[in-house]
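Student:
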Amino acid sequence: MDWLATITGATGSFLLTIISFLVVLTVVVFVHEFGHFWVGRRCGVGVTAFSVGFGRELFGWTDRYGTRWKISAIPLGGYVKFVGDLNAASVPNQDQLAHMSAAERAVSFPHQNVLKRAAIVAAGPIANFILAIAIFASFNYISGRQVLEPRIEAVQSGSAAEKAGFRPHDLILSIDGRQIETFADMQLLVSSSAGEALTFMVDRDGKTVTLSATPNFVERPTPFGKQRIGLLGVEASRDPSAIKRLSYSPLGALKAGAAETWNLVDRTLNFMRRLVLGWESADQLSGPIGIARASGTAFDVGGVSSLISLIAFMSVSIGLINLFPIPLLDGGHLLFYAIEAVRGRPLSEKAQEIGFRIGFAIVAMLMLFATWNDIVHLGTSFLARGT
1 MDWLATITGA
11 TGSFLLTIIS
21 FLVVLTVVVF
31 VHEFGHFWVG
41 RRCGVGVTAF
51 SVGFGRELFG
61 WTDRYGTRWK
71 ISAIPLGGYV
81 KFVGDLNAAS
91 VPNQDQLAHM
101 SAAERAVSFP
111 HQNVLKRAAI
121 VAAGPIANFI
131 LAIAIFASFN
141 YISGRQVLEP
151 RIEAVQSGSA
161 AEKAGFRPHD
171 LILSIDGRQI
181 ETFADMQLLV
191 SSSAGEALTF
201 MVDRDGKTVT
211 LSATPNFVER
221 PTPFGKQRIG
231 LLGVEASRDP
241 SAIKRLSYSP
251 LGALKAGAAE
261 TWNLVDRTLN
271 FMRRLVLGWE
281 SADQLSGPIG
291 IARASGTAFD
301 VGGVSSLISL
311 IAFMSVSIGL
321 INLFPIPLLD
331 GGHLLFYAIE
341 AVRGRPLSEK
351 AQEIGFRIGF
361 AIVAMLMLFA
371 TWNDIVHLGT
381 SFLARGT
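And the structure:
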């Protein structure tokens, strides 16, 4: 009956992955859309629908303000539809706008001034960043952080570190002018800088020494598939005195949470920069399948706390991606509003329509490409297990 146990275990793992994925995506999407909704309501704009998911409504209710709250069949996003919107992408409904009464125009999104519209659109990504900061701050305040000082125990033979002249007991002070407080800080910078020359300031027996090293490219397995990272080739100190427990006041925890959120933003932007320059491979981009795998792995390995950490990571990613100046995304709308503010009038209907079509094509291609990467990574993983 081993085959039955195998099937049962695989089914349970699959269900766990799906449930974890839905929890992560639902929380991130709800917070994002609630940011739009909350600021929209504060600006006096009418909201006709708040949906988690796309497509056919599974269930929902209508509140006393006339907003239809609903859960829809396709759990890959969500939207807030304001009065005057044609669809979930906030494309203006020109026919409806032309026949609106004065009272309807007062609560119509397209009839608001450009500052209000920009605030409503920006509120979604901002809400995602606030969620991430809150999660990281909560962990920091409740549990504190156990950190390892950036002191080197050993240098691997033939590594980038050995070529640069690193020695055991060196204490890393800064990298490219950025202060390094923990070994994890060093790892984050090095891992995202493969092939780039970095300048290290180290404390060696009380003297400050400057070293230049270029991390090597290596591939490491992750829940999103294999990732190319930079490797210096040093080992952390094993001395118990190098381990420190950091505790935080409420304000200190909030500052640390904001710093962790900014680090994620910085790493993502650095990856995009390296991708454009050809220093990173596009096969590292992940889509819904990759996120689902990561969700299942996070819960399986670290339980609820790891899943909450993944929510924070995904919240930053969704918030940042939505700020990219691509029509259809929040950043595309903000770009249109910036142009409107400069010109003193909005772009023509035709120009906006072309922009939204281009944006849709870009988003669709990126989604298809990322999903293809997920399928390839999934197939590679199965083949590896088989061998």
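Each residue of the sequence shown is one higher than the one before, starting from 1 at the first, in the UniProt record's numbering. Just so you know, even glycine gets a beta-carbon here, dropped at the ideal spot from N, CA and C. The structure displayed is predicted, hence computed values, not measured ones.
Quick one, which of SER13, ARG228, SER20 has its alpha-carbon nearest LEU307's?
Tutor: In the sequence shown, counting from the first residue as 1, residue 307 sits at position 307. The candidate whose alpha carbon is nearest that of LEU307 is SER20.
Student: Per DSSP, what kind of secondary structure is VAL107 in: helix, strand or coil?
Tutor: Position 107 of the sequence shown, counted from the start, is the residue given in the question as residue 107. DSSP places VAL107 in coil when its eight states are reduced to three.
Student: Report the CB separation of LYS81 from ALA49 in whole angstroms; it is logged as a contact under 8 Å.
Tutor: Counting from one through the sequence shown, the residue named residue 81 turns up at place 81. Counting from one through the sequence shown, the residue named residue 49 turns up at place 49. Contact flag correct, Cβ pair sits at about 4 Å.
Student: Distance, Cα to Cα, ILE18 vs GLU33?
Tutor: Locating residue 18 in the sequence shown gives position 18, counting from the first residue. Locating residue 33 in the sequence shown gives position 33, counting from the first residue. Roughly 22 Å separates the two Cα atoms.
Student: For ALA361, which residues from the same chain have a beta carbon less than 6 Å from its beta carbon, with the 5 sequence-adjacent residues on both sides left out?
Tutor: Walking along the sequence shown from the start, residue 361 turns up at place 361. Cβ neighbours of ALA361 beyond the five flanking positions: none.
Student: Within 10 angstroms of the Cβ of LEU15, are there 16 or more other Cβ atoms? Answer buried if so, exposed if not.
Tutor: For this step, residue 15 is matched to residue 15 along the sequence shown. Counting Cβ neighbours within 10 Å, LEU15 comes out exposed, since fewer than 16 surround it.
Student: Give, in chain order, every unbroken run of the alpha helix (DSSP H) that is at least 4 residues long and sits entirely within the region 138–199.
Tutor: Correct list: 160–164, 183–191.
Student: Write down the C-beta distance between GLY78 and PHE30 rounded to the nearest angstrom, noting that I regard them as a contact closer than 8 Å.
Tutor: The residue you call residue 78 lines up with position 78 of the sequence shown. The residue you call residue 30 lines up with position 30 of the sequence shown. Yes, GLY78 and PHE30 are in contact; Cβ-Cβ is about 7 Å, under 8 Å.
Student: How would you write the range of the alpha helix (DSSP H) that PHE336 sits in, first residue to last?
Tutor: Numbered from 1 along the sequence shown, position 336 holds the residue referred to as residue 336. Note, PHE336: alpha helix (DSSP H), 330–343.
Student: Quick one: residues in its chain with C-beta nearer than 6 Å to the C-beta of GLU340, no 5 flanking neighbours on either side, listed in chain order?
Tutor: To locate residue 340, count along the sequence shown from 1; it is residue 340. VAL114, PRO346, listed in sequence order.
Student: From PRO240 to ILE229, what does the alpha carbon distance come to, in whole angstroms?
Tutor: Within the sequence shown, residue 240 is the residue found at index 240, counting from 1. Within the sequence shown, residue 229 is the residue found at index 229, counting from 1. Whole-angstrom Cα-Cα distance: 28 Å.
Student: Decide yes or no for the touch test of the region 262–275 against the region 149–161: beta carbon pairs closer than 8 Å, at least 3 of them.
Tutor: Not touching, per the Cβ criterion.
Student: Can you give me the C-alpha to C-alpha distance between ILE243 and LYS116, rounded to a whole angstrom?
Tutor: Residue numbering aside, residue 243 sits at position 243 when the sequence shown is read from its first letter. Residue numbering aside, residue 116 sits at position 116 when the sequence shown is read from its first letter. The alpha-carbon atoms of ILE243 and LYS116 are separated by roughly 49 Å.
Student: Could you pull out every residue in the same chain whose Cβ sits closer than 7 Å to the Cβ of VAL23, ignoring the five residues on either side in sequence?
Tutor: Your numbering for residue 23 matches position 23 in the sequence shown. Excluding positions up to five away in sequence, the list reads LEU307.
Student: Closer than 8 Å by C-beta to LEU4: which residues in its own chain qualify, once you throw out the five before and the five after it? Chain order, please.
Tutor: Taking the first residue of the sequence shown as position 1, residue 4 is located at position 4. Note that LEU4 has pLDDT 37, beneath the 50 cutoff, so the model's placement of it is unreliable and the number below is only indicative. Around LEU4: no qualifying Cβ.
Student: Short check: CB of ILE126 to CB of GLY35, under 8 Å?
Tutor: As a working note, residue 126 is residue 126 in the sequence shown. As a working note, residue 35 is residue 35 in the sequence shown. Yes, the pair counts as a contact, with Cβ atoms nearer than the cut-off.
Student: Can MET155 and ALA184 be called in contact, C-beta distance under 8 Å?
Tutor: To locate residue 155, count along the sequence shown from 1; it is residue 155. To locate residue 184, count along the sequence shown from 1; it is residue 184. Reading off the sequence, residue 155 comes out as Val, not Met. Not in contact: VAL155 and ALA184 (Cβ atoms no closer than 8 Å).
Student: Please give me, in chain order, every unbroken run of the alpha helix (DSSP H) with length at least 4 that falls completely inside the region 235–277.
Tutor: Entirely contained in the region 235–277, the alpha helix (DSSP H) runs reaching 4 residues are, in chain order, 250–276.
Student: Spatial neighbours of ASP170 within its chain, please: C-beta separation below 6 Å, excluding the five flanking residues on both sides.
Tutor: Indexing the sequence shown from 1 puts residue 170 at position 170. So the qualifying residues of the chain are ILE152, VAL202, ARG204.
Student: ALA127 bridges to which residues according to DSSP?
Tutor: To locate residue 127, count along the sequence shown from 1; it is residue 127. Bridge partners of ALA127: none, in fact.
Student: What is the rounded straight-line gap between the Cα of LEU383 and the Cα of ILE375?
Tutor: For the purposes of this step, residue 383 is taken as residue 383 along the sequence shown, with counting starting at 1. For the purposes of this step, residue 375 is taken as residue 375 along the sequence shown, with counting starting at 1. In this predicted model, LEU383 has a pLDDT of only 44, less than 50, meaning its place in the structure is not dependable; the value taken from the coordinates is given anyway. Cα to Cα, LEU383 sits roughly 12 Å from ILE375.
Student: Below 8 Å between beta carbons: does that hold for THR210 and GLU196?
Tutor: Translated into positions along the sequence shown, residue 210 becomes position 210. Translated into positions along the sequence shown, residue 196 becomes position 196. No. Outside cutoff.
Student: Would you mind reading off the limits of the alpha helix (DSSP H) that contains LEU97?
Tutor: Counting from 1 along the sequence shown, the entry for residue 97 is found at position 97. Where LEU97 is concerned, the enclosing alpha helix (DSSP H) stretches over 94–98.
Student: With DSSP as the reference, identify every bridge partner of ILE212, one or two as the case may be.
Tutor: Against the sequence shown, residue 212 aligns to sequence position 212. Rather than Ile, the amino acid found at residue 212 in this sequence is Ser. THR199, per the DSSP bridge assignment.
Student: According to DSSP, which residues form a beta bridge with GLY230?
Tutor: Stepping through the sequence shown from its first residue, residue 230 is reached at position 230. GLY230 is bridged to PHE217.
Student: For ASP300, which three-state DSSP category applies?
Tutor: The count along the sequence shown starts at 1 and reaches residue 300 at position 300. If DSSP states are grouped into helix, strand and coil, ASP300 belongs with the helices.
Student: For ARG178 and ILE130, I'd like the C-alpha separation in whole angstroms.
Tutor: The residue given as residue 178 occupies position 178 in the sequence shown. The residue given as residue 130 occupies position 130 in the sequence shown. Between ARG178 and ILE130, the C-alpha separation is close to 24 Å.
Student: When we look at the beta-carbon of PRO75 and count the other beta-carbons within 10 Å, is it buried (16 or more) or exposed?
Tutor: As a working note, residue 75 is residue 75 in the sequence shown. Buried is the call here.
Student: I'd like the list of long-range same chain contacts for VAL45, defined as Cβ closer than 8 Å, with 5 residues on each side in sequence excluded.
Tutor: Working through the sequence shown from its first residue, we reach residue 45 at position 45. Cβ neighbours of VAL45 beyond the five flanking positions: PHE82, VAL83, VAL107, SER108, PHE109, GLN112, LYS116, ILE120.
Student: Name the two residues that bound the continuous beta strand (DSSP E) containing ILE74.
Tutor: Reading the sequence shown from its first residue, position 74 is the one you call residue 74. Looking at the DSSP string, the run of the beta strand (DSSP E) that includes ILE74 is 68–82.
Student: Closest to PHE313 by CA distance: which of ALA294, PHE324, PRO325, GLY331 is it?
Tutor: Residue mapping note: residue 313 aligns to position 313 of the sequence shown, counting from 1. Closest option to PHE313, Cα to Cα, is ALA294.
Student: Here's the rule: buried if 16 or more other CB atoms are within 10 angstroms of the residue's CB, otherwise exposed. What is PRO150?
Tutor: Stepping through the sequence shown from its first residue, residue 150 is reached at position 150. With 16 or more Cβ atoms within 10 Å of its Cβ, PRO150 is classed as buried.
Student: Out of ASP266, VAL28, LEU269, state which residue places its alpha-carbon closest to the alpha-carbon of PHE132.
Tutor: Indexing the sequence shown from 1 puts residue 132 at position 132. Per the sequence presented here, residue 132 reads as Ala, with Phe not at that position. If we check each option's Cα against that of ALA132, VAL28 comes out closest.
Student: Rounded to whole angstroms, what is the Cα-Cα separation between SER315 and SER143?
Tutor: Position 315 of the sequence shown, counted from the first residue, corresponds to residue 315. Position 143 of the sequence shown, counted from the first residue, corresponds to residue 143. Roughly 21 Å between the two C-alpha positions.
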